[in-house]
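The next block holds one structure in the form of structure tokens; read it before the comments.
In this note's numbering, the protein residues as written are 72 to 393.
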């Protein structure tokens, strides 16, 4: 197999990541890696174009009511479906080219059943309370009315809009996200990331460009992006985040075609990507930067973080990157 690599995603770096994923990855991340990277490092020759293995691994996390649970989002444990697990499921379905009308309808039906009246969905539901969860995830009380969050809703709506899905809940959720973005006056990196994911997919592109420019200005004003990894004192860590839990330009502009790309100079993006490449650890994987509240959830999260790092490096190594 011919490998084409540029400066950051070298063959040696990819081989080290492959070894890490084959040793430490969950079945889902191993299947995703084989599919996304053309089967590289897979001696079986499993056809990369066949997403059946990816979908089978994802379906193991599916619940009878149409949601997703069982640690699909490693920080959220237990068998009760949670909204914050849905972004990961939709990401996998999109990667596999399997975000079809039937699957999207099932997910939207489930979301409609847990949404607030305005269409927004909470991050988690009261059903999480009996199961292990991190201290930084507040769990609503039983019987408490649901309150929608941009952090969860924006990430969910974006891939559904890209796919052109039509569903009554999605219409309401899109309006919720639009209002939430317009009303952002103070934010934090994960919420801002969800906002730019939504804006990248919003059908009203002129509005999305305007709001993206305003959001980028807010990110800079609040200093919630680290523009130079050699100068961490220049950025602020949001309340509740772990020490060193900075977000770099590529965490917002995950691909060169993101609206967030305009927020940063070539030099700023290049510094962040060089730092990302250098963060690969001796075992071939990338570290997590948020609060480590459980050794097992950290070990389950790192393979997904590693795949995200590989995808960012590949996106910016391609023509049009930096």
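Ideal Cβ placement from N, Cα and C applies to all residues, glycine included.
Keep in mind the model is a prediction, meaning the values are calculated, not measured.
{"Asked": "Skipping 5 residues on each side, what residues in its chain have a beta carbon closer than 6 Å to that of residue 283?", "Found": "270 and 330"}
{"Asked": "Assuming residue 322 and residue 264 form a contact by the criterion Cβ under 8 Å, report the distance between their Cβ atoms to the nearest whole angstrom.", "Found": "6 Å"}
{"Asked": "With 16 other CB atoms within 10 Å as the buried threshold, where does residue 228 fall?", "Found": "buried"}
{"Asked": "Excluding the 5 residues flanking residue 200 on each side, which residues of the same chain have their C-beta closer than 6 Å to its C-beta?", "Found": "210"}
{"Asked": "I'd like the span of the alpha helix (DSSP H) that includes residue 330, first residue to last.", "Found": "Where residue 330 is concerned, there is no enclosing alpha helix (DSSP H), given that its DSSP letter is neither H nor E."}
{"Asked": "Under DSSP, the alpha helix (DSSP H) around residue 312 begins and ends at which residues?", "Found": "Segment: none, residue 312 is in no alpha helix (DSSP H) and carries neither H nor E."}
{"Asked": "Give the straight-line distance between the Cα atoms of residue 388 and residue 343, rounded to the nearest whole angstrom.", "Found": "13 Å"}
{"Asked": "For residue 141, list the residues DSSP reports as bridge partners.", "Found": "DSSP, once it has assigned bridges, lists no residue as partnering residue 141."}
{"Asked": "Answer with buried or exposed for residue 262, where buried requires no fewer than 16 other C-beta atoms within 10 angstroms of its C-beta.", "Found": "buried"}
{"Asked": "With distance defined between alpha-carbon atoms, name the residue in 189, 101 and 204 nearest to residue 195.", "Found": "204"}
{"Asked": "Can you have a look at residue 181 and say buried or exposed, based on whether 16 or more other CB atoms are within 10 angstroms of its CB?", "Found": "buried"}
{"Asked": "Starting from residue 368, follow the alpha helix (DSSP H) in both directions and report where the run begins and ends.", "Found": "366-388"}
{"Asked": "In terms of residue numbering, what span does the alpha helix (DSSP H) encompassing residue 266 cover?", "Found": "260-272"}
{"Asked": "Closest by CA to residue 163, which one among 108, 125, 288 and 243?", "Found": "125"}
{"Asked": "Can residue 377 and residue 92 be called in contact, C-beta distance under 8 Å?", "Found": "yes"}
{"Asked": "From what residue to what residue does the alpha helix (DSSP H) around residue 164 run?", "Found": "157-166"}
{"Asked": "When you compare only the Cα positions, how much space is there between residue 158 and residue 143?", "Found": "10 Å"}
{"Asked": "DSSP three-state label for residue 90, please.", "Found": "helix"}
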